[in-house]
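Each remark here refers to the structure printed beneath this line.
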Amino acid sequence: LSLEAFQSGLSWLVILRKREAFRRAFAGFDIDTVARYTDADVARLMGDPAIVRNRAKIDATVSNARVAADLDVDLSDLLWSFAPPPRPRPATIAEIPSHTPESRALARALKDRGFRFVGPTTAYALMQASGMVDDHVRTCRVPRQGGEPSA
């Protein structure tokens, strides 16, 4: 979820190239550790050239960790409760949506719980990255989830 927020407005390639630096900067994305970050930690992150130094995104990541740490449900269970039913793979890249009714509902549920920097497009990108949706085009050689052929 944090990397999805950092990607907002940027190329995925930028984030992927900095992924290990993000892991180091945010303690392996350990929710309880990041939830305890202080202003000094935020200042350290703002000075770290290995990550995207966007104050709003850094603040949102720390805030989201605090919200996640205080959830009355497991974060993974919450996220996956919005997984859409399986659908056919898109024929072309143009058929891949930027958001769906499920991603809009997920974004709303997260915002209602206090999460920041999670709109419908970011929520849909999370659904793609986590495997909730398979947006590989039909001709892609990557096997469908569950090992089914792609064609």
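Residues in the sequence shown are numbered consecutively from 5, following the numbering used here. Positions of the beta carbon are idealized from the N, C-alpha and C atoms, including for glycine.
Excluding its 5 nearest sequence neighbours in each direction, Val56 has C-beta neighbours in its own chain below 6 Å: Phe10, listed in chain order.
Contact between Phe119 and Val66 is absent: CB atoms are separated by about 12 Å, not below the 8 Å threshold.
Inter-residue distance for Asp78 and Trp84 is about 10 Å (C-alpha atoms, whole angstroms). Comparing alpha-carbon positions, the option among Ile19, Pro94 and Ala98 lying closest to Asp139 turns out to be Pro94. About 7 Å separates the beta carbons of Ser6 and Asn68, which is inside the 8 Å limit, making them a contact pair. Rounded to the nearest whole angstrom, the CA to CA distance from Ala44 to Pro89 is 44 Å. Taking Ala64 as the centre and dropping the five residues before and after it, the same chain places the C-beta of Ala9, Arg120 and Phe121 closer than 7 Å to its C-beta, in chain order.
Shortest Cα-Cα distance from Ile19 to any of Ala39, Ala31, Ala54 and Gly32 involves Ala54.
DSSP, read as helix, strand or coil, puts Phe86 in coil.
The Cβ neighbour count for Met136, taken over all protein chains shown within 10 Å, is at least 16; the residue is labelled buried. Residue range Arg59 to Ala73 is occupied by the alpha helix (DSSP H) that includes Asn68. Taking a C-beta distance under 9 Å as the contact criterion, Val38 and Thr96 do not qualify as a contact pair.
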